[in-house]
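Asker: Quick one: structure below, then a few questions.
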Amino acid sequence: MGYNWNWGVLLQPVATGEGATYLGWILHGLLLTAALTLAAWLLALLVGTAFGILRAWPSRLCDAIGATYVSLFRNVPLIVQFFIWFFVVPEVLPTAIGDWIKSITPSTQVFVVSVLALGFFTGARICEQVRAGIAALPPGQLQAAQALGFRLPQTFRHILLPQCFRRILPPLTSEFLIISKNSAVASTIGLLELSGQARQLVDFTAQPYESFIVVTLAYIGLNIVILRLMEWIQRRIRLPGMMGA
Amino acid sequence: MKTILSTCLGAAASAVMLLLMPVAASGQNAPLDGTLKKIADDGVVVIGYREASIPFSYYDDAKNPVGYSMDLTAIILDRIKAKLGKPDLQVRKLPITSQNRISLLQNGTIDFECTTTTHNASREQQVDFSNTFFAIGTRLLTRKSTGITDFPDLKGQNVVVGAGTTSEILLRKMNADQGMGMNIISAKDHAESFLMLSTGRAKAMMMDDALLAGERAKTKDASEFIITGTPQSREAYGCMVRKGDAQLKKLLDETLAELQTSGKAVAIYDKWFRSPIPPRGLNLDFALSDDMKALFAAPNDKILN
Chain A
8 MGYNWNWGVL LQPVATGEGA TYLGWILHGL LLTAALTLAA WLLALLVGTA
58 FGILRAWPSR LCDAIGATYV SLFRNVPLIV QFFIWFFVVP EVLPTAIGDW
108 IKSITPSTQV FVVSVLALGF FTGARICEQV RAGIAALPPG QLQAAQALGF
158 RLPQTFRHIL LPQCFRRILP PLTSEFLIIS KNSAVASTIG LLELSGQARQ
208 LVDFTAQPYE SFIVVTLAYI GLNIVILRLM EWIQRRIRLP GMMGA
Chain B
2 MKTILSTCLG AAASAVMLLL MPVAASGQNA PLDGTLKKIA DDGVVVIGYR
52 EASIPFSYYD DAKNPVGYSM DLTAIILDRI KAKLGKPDLQ VRKLPITSQN
102 RISLLQNGTI DFECTTTTHN ASREQQVDFS NTFFAIGTRL LTRKSTGITD
152 FPDLKGQNVV VGAGTTSEIL LRKMNADQGM GMNIISAKDH AESFLMLSTG
202 RAKAMMMDDA LLAGERAKTK DASEFIITGT PQSREAYGCM VRKGDAQLKK
252 LLDETLAELQ TSGKAVAIYD KWFRSPIPPR GLNLDFALSD DMKALFAAPN
302 DKILN
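For the protein sequence lines, the chains are A and B, in the order given.
All residue numbers for the first sequence refer to this note's numbering, where the first residue is 8 and numbers rise by one.
All residue numbers for the second sequence refer to this note's numbering, where the first residue is 2 and numbers rise by one.
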């Protein structure tokens with residue numbers, strides 16, 4: 008179809024004269040994607056666990072708060088959430104705070120916004136997994152803990168959550184893998200992560216196939232690393248005699 | 002023996018000449034090849050358009066692509082119909098982006114595109130460009146209240162550019178070379194760039210001047226914004242055709258040259274740049290530049306610099 012392959016373009020100095028090569032841009036993008044993935048996943052884990060506990064807590068109000076969070080963040084498309092965090096939130100906050108946000112270095116702004124957007128979106132999914140993980144435990148666990156004199160927070164901390172996390176580790180791995188690819192949405196608000204850099208390469212070099220092939224390989228590599236990491240964690244926390252963990 | 006050999010050679014040579022004849026005599030009646038042949042065989046021509054490049058190629062109220070480039074495309078399509086003798090040729094229109102336009106052209110999804118594609122050397126490796134149909138300069142759009150009048154005023158400021166554009170290359174280069182300490186934001190399209198500017202995230206926006214005029218015309222408080230600064234580059238927009246597709250390029254070149262020298266191109270320019278345009282009846286009020294006047298006087302397919 009008349010395409011001129013030119014892999015050498017990856018090692019050429021970039022058109023902007025900033026002393027990097029296009030491959031250097033891709034590596035930089037990969038680092039950003041990795042950092043964003045890790046930060047967003049940790050936030051998602053934190054938020055998801057907090058709301059998951061709320062949903063499992065024996066209180067109607069707590070459950071309702073958790074359910075509202077989930078339906079809000081799980082039902083709005085991710086890209087819309089990015090735009091809301093980035094464009095709408097600073098406008099609805101008091102002007103002084105909004106202006107302060109906008110005065111932060113743009114690259115920092117988009118990174119933080121991306122972590123928030125991805126973290127809260129994925130948090131809603133993890134919240135449901137935590138709730139399901141706790142609900143799947145035999146009710147006797149809670150009752151026995153209470154009978155032994157554990158208070159409710161202690162019961163969650165020492166009895167329910169440790170078992171829950173071992174059970175939901177496989178879906179958490181999936182979420183980790185998904186978040187690494189969802190992070191590509193951050194390129195729409197101007198974060199030059201992996202797919203943002205791919206787009207730059209296409210525009211500056213007019214070699215779309217080389218660019219996307221390299222970026223695809225980078226995503227696959229990142230996902231293999233995440234998979235290995237999660238397998239290692241799974242082995243580390245395994246308890247003999249416990250189902251699936 | 003010697004004579005027989007030379008006779009044979011002579012015969013072979015003339016046979017080769019005969020074979021080459023049709024190619025050598027490529028005049029008006031040359032057999033169709035390349036994209037024109039494909040269009041004639043399929044009975045369908047597919048063109049690309051942009052969804053939000055005001056006033057070149059964008060949607061009107063009825064979501065039809067309209068604009069300066071679309072008017073040119075329509076005239077080119079009429080020419081193709083006339084040349085192929087197929088007045089009822091089916092025309093399909095496909096929205097394209099700056100990321101996919103080259104790939105879609107190369108893999109045959111679209112047959113050509115006249116939108117807002119800058120003719121540059123790196124793209125020439127992949128595609129061929131027709132005669133230039135528009136010339137722009139890359140300048141700044143800013144709020145009057147910022148007091149920014151030229152590029153040196155951007156020191157230490159947030160500036161937004163369209164990702165992957167020539168403006169981005171120039172601005173980043175300027176930032177690195179002159180140590181200006183600008184924060185450069187790369188927005189994904191024109192509309193988002195302007196959003197960054199109008200919400201105050203960026204103090205200025207650098208882009209092709211004609212597109213800046215288009216973005217400014219969209220806002221309610223257009224009078225608060227000015228287009229300013231010394232043009233940092235001049236660029237030529239051309240229609241993209243597949244590489245080596247000489248026949249289609251020739252048709253495009255001739256059509257555009259004729260429009261430009263006959264004055265019809267100026268009329269189309271006035272329609273989109275100097276009169277109210279859809280969807281909101283705004284007037285860009287964008288005067289014909291010297292580059293454009295020179296182009297219309299002497300049509301060509303050169304890269305500008």
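For every residue, glycine included, the Cβ atom is placed at its ideal position computed from N, Cα and C.
#1: Got a sec, what are the start and stop residues for the beta strand (DSSP E) residue 142 of chain B sits in?
#2: If you draw a straight line from the alpha carbon of residue 64 of chain B to that of residue 256 of chain B, how long is it in whole angstroms?
#3: If you draw a straight line from the alpha carbon of residue 148 of chain A to that of residue 114 of chain A, how long is it in whole angstroms?
#4: Which of the three DSSP states is assigned to residue 239 of chain A in this structure?
#5: Have a look at the DSSP bridge pairing and note the partners of residue 187 of chain B.
#6: What residues from the stretch 216 to 249 of chain B come within 8 Å of chain A, judged by C-beta to C-beta, listed N to C?
#7: Just to make sure I have the definition right: I need the residues of chain A whose C-beta is within less than 8 Å of the C-beta of residue 100 of chain B. Which are they?
#8: Along the chain, where does the beta strand (DSSP E) containing residue 49 of chain B start, and where does it finish?
#9: Can you give me the Cβ contacts of residue 41 of chain B inside the same chain, cut-off strictly under 6 Å, excluding the 5 residues immediately before and after it?
#10: Which residues does DSSP pair with residue 209 of chain B in a beta bridge?
#11: What residues from the stretch 17 to 28 of chain A come within 8 Å of chain B, judged by C-beta to C-beta, listed N to C?
#12: Taking the continuous beta strand (DSSP E) assigned at residue 59 of chain B, which residues delimit it?
#13: Go through its chain and collect everything with a Cβ distance to residue 1 of chain B's Cβ below 7 Å, but skip five positions before and after it.
#14: Using a Cβ cut-off of 9 Å, pull out every chain A residue sitting near residue 164 of chain B, in sequence order please.
#15: Let me check understanding here. Comparing Cα to Cα, which of B:263, B:229, B:44, B:238 lies closest to residue 155 of chain B?
#16: Going by the DSSP bridge assignment, what does residue 92 of chain B pair with across the sheet?
#17: What separation, rounded to the nearest whole angstrom, lies between the Cα atoms of residue 183 of chain B and residue 26 of chain A?
#18: Select from the stretch 197 to 211 of chain B all residues with a C-beta closer than 9 Å to any C-beta belonging to chain A, and list them in chain order.
#19: Using 8 Å as the threshold, is the C-beta distance between residue 45 of chain A and residue 130 of chain A below it?
#20: Applying a beta-carbon distance threshold of less than 9 Å, which residues of chain B neighbour residue 118 of chain A?
#21: Closer than 9 Å between beta carbons: that is the criterion. Which residues of the stretch 174 to 189 of chain B meet it against chain A?
#22: On the DSSP letters alone, give me the boundaries of the alpha helix (DSSP H) that residue 56 of chain A sits inside.
#23: Decide if residue 79 of chain A is buried, meaning its Cβ has at least 16 other Cβ atoms within 10 Å, or exposed.
#24: Within the stretch 192 to 249 of chain A, note down every full alpha helix (DSSP H) run reaching 4 residues or more, in order along the chain.
#25: Which residue or residues does DSSP assign as beta-bridge partners of residue 67 of chain B?
#26: Count the CB pairs spanning the stretch 16 to 25 of chain A and the stretch 172 to 186 of chain A that are closer than 8 Å, and state whether there are at least three.
#27: Consult DSSP for residue 26 of chain B and reduce its assignment to one of helix, strand or coil.
#28: I'd like the span of the alpha helix (DSSP H) that includes residue 237 of chain B, first residue to last.
#29: Between A:226, A:212, A:120, A:185, which has its C-alpha nearest residue 201 of chain A's C-alpha?
#30: Would you identify the three-state DSSP class for residue 141 of chain A, choosing helix, strand or coil?
#31: Straight-line CA distance for residue 119 of chain A to residue 142 of chain A?
#32: Ignore the nearest five residues each way along the sequence and tell me which others in residue 6 of chain A's own chain have a CB closer than 8 Å to its CB.
#33: From the DSSP output, read off the bridge partner residues of residue 104 of chain A.
#34: Return the CA-CA distance between residue 230 of chain A and residue 188 of chain A, expressed in angstroms with no decimal places.
#35: Less than 8 Å between the CB atoms is what I'm expecting for residue 62 of chain B and residue 242 of chain B, so what's the real figure, rounded?
#36: Output, in chain order, the set of chain A residues within a Cβ distance shorter than 8 Å of residue 158 of chain B.
Answerer: So, from the data block:
#1: Here residue 142 of chain B is taken as the residue at index 141 of the second sequence, counted from 1. For residue 142 of chain B, the enclosing beta strand (DSSP E) stretches over residues 128 to 144.
#2: Counting from one through the second sequence, the residue named residue 64 of chain B turns up at place 63. Counting from one through the second sequence, the residue named residue 256 of chain B turns up at place 255. If you take the alpha carbons of residue 64 of chain B and residue 256 of chain B, they lie about 27 Å apart.
#3: Position 141 of the first sequence holds residue 148 of chain A. Position 107 of the first sequence holds residue 114 of chain A. Rounded to whole angstroms, residue 148 of chain A and residue 114 of chain A show a C-alpha spacing of 48 Å.
#4: On the first sequence, position 232 is the one that residue 239 of chain A refers to. When secondary structure is reduced to three states using DSSP, residue 239 of chain A falls in the helix class.
#5: The residue given as residue 187 of chain B occupies position 186 in the second sequence. According to DSSP, residue 187 of chain B bridges with B:162.
#6: Interface annotation for the stretch 216 to 249 of chain B against chain A: 243, 244, 245, criterion Cβ-Cβ distance under 8 Å.
#7: Sequence index remark: in the second sequence, residue 100 of chain B carries index 99 (1-based). Within chain A, the residues placing a beta-carbon under 8 Å from that of residue 100 of chain B are 206, 209, 210, 215, ordered along the chain.
#8: The sequence position of residue 49 of chain B within the second sequence is 48, counting from 1. Taken as a continuous stretch (DSSP letters only), the beta strand (DSSP E) holding residue 49 of chain B covers 45 to 50.
#9: Within the second sequence, residue 41 of chain B is the residue found at index 40, counting from 1. 33, 85.
#10: Within the second sequence, the letter at position 208 stands for residue 209 of chain B. According to DSSP, residue 209 of chain B bridges with B:139.
#11: Correct list: 22, 23, 24, 25, 26.
#12: For the purposes of this step, residue 59 of chain B is identified with residue 58 of the second sequence, where counting begins at 1. Unbroken beta strand (DSSP E) run through residue 59 of chain B: 58 to 60.
#13: The structure shown does not extend to residue 1 of chain B, since chain B is modelled only from 2 through 306, so no value can be given for it.
#14: Along the second sequence, one-based indexing puts residue 164 of chain B at 163. Residues of chain A passing the Cβ test: 194, 197, 199, 203, 206, 207, 210.
#15: Here the question's residue 155 of chain B lines up with position 154 in the second sequence. Selected option, being the one with the closest Cα: B:229.
#16: Your numbering for residue 92 of chain B matches position 91 in the second sequence. Answer is B:46.
#17: Indexing the second sequence from 1 puts residue 183 of chain B at position 182. Indexing the first sequence from 1 puts residue 26 of chain A at position 19. So the two alpha carbons sit approximately 17 Å from each other.
#18: Using a CB distance below 9 Å, the part of the stretch 197 to 211 of chain B facing chain A consists of 197, 200, 201, 202, 203, ordered along the chain.
#19: Walking along the first sequence from the start, residue 45 of chain A turns up at place 38. Walking along the first sequence from the start, residue 130 of chain A turns up at place 123. It is not a contact, given that the beta carbons lie outside the stated cut-off.
#20: For the purposes of this step, residue 118 of chain A is identified with residue 111 of the first sequence, where counting begins at 1. Close partners of residue 118 of chain A in chain B (Cβ separation under 9 Å) are lacking, with about 13 Å as the shortest Cβ gap.
#21: Shown in chain order are the members of the stretch 174 to 189 of chain B whose Cβ falls below 9 Å from a Cβ of chain A: 174, 176, 177, 178, 184, 185, 186, 187, 188, 189.
#22: As a first step, residue 56 of chain A is located in the first sequence; it is residue number 49 there, counting from the start. Boundaries of the alpha helix (DSSP H) harbouring residue 56 of chain A: 29 to 63, taken from the DSSP string.
#23: Residue 79 of chain A sits at position 72 when you count from the first residue of the first sequence. So residue 79 of chain A counts as exposed.
#24: With a minimum length of 4 residues, the unbroken runs of alpha helix (DSSP H) contained wholly in the stretch 192 to 249 of chain A fall at 201 to 212, 215 to 243.
#25: Looking up residue 67 of chain B in the second sequence gives position 66. Answer by DSSP bridge pairing, in chain order: B:59.
#26: Not touching, per the Cβ criterion.
#27: Looking up residue 26 of chain B in the second sequence gives position 25. With a pLDDT of 42 at residue 26 of chain B, under the threshold of 50, the predicted position of this residue should be treated as unreliable, though the coordinate-derived value follows. Reduced to three states, the DSSP call for residue 26 of chain B is coil.
#28: Taking the first residue of the second sequence as 1, we reach residue 237 of chain B at position 236. Careful: residue 237 of chain B lies outside any alpha helix (DSSP H), inside the beta strand (DSSP E) at 235 to 243.
#29: Position 194 of the first sequence, counted from the start, is the residue given in the question as residue 201 of chain A. If we check each option's Cα against that of residue 201 of chain A, A:226 comes out closest.
#30: Translated into the one-based positions of the first sequence, residue 141 of chain A becomes position 134. Correct three-state label for residue 141 of chain A: helix.
#31: Your numbering for residue 119 of chain A matches position 112 in the first sequence. Your numbering for residue 142 of chain A matches position 135 in the first sequence. One alpha carbon belongs to residue 119 of chain A, the other to residue 142 of chain A, and they sit about 33 Å apart.
#32: Shown here, chain A extends from 8 to 252; a query on residue 6 of chain A therefore has no answer.
#33: If you number the first sequence from 1, residue 104 of chain A lands on position 97. For residue 104 of chain A, which the question treats as bridged, DSSP gives no partner whatsoever.
#34: As a working note, residue 230 of chain A is residue 223 in the first sequence. As a working note, residue 188 of chain A is residue 181 in the first sequence. Cα to Cα, the separation comes out at about 9 Å.
#35: The residue you call residue 62 of chain B lines up with position 61 of the second sequence. The residue you call residue 242 of chain B lines up with position 241 of the second sequence. At roughly 31 Å, the Cβ-Cβ gap does not stay under 8 Å, so residue 62 of chain B and residue 242 of chain B are not in contact.
#36: Counted from its first residue, the second sequence places residue 158 of chain B at position 157. Contact note: residue 158 of chain B does not reach chain A at a C-beta cutoff of 8 Å; the least C-beta distance is about 11 Å.
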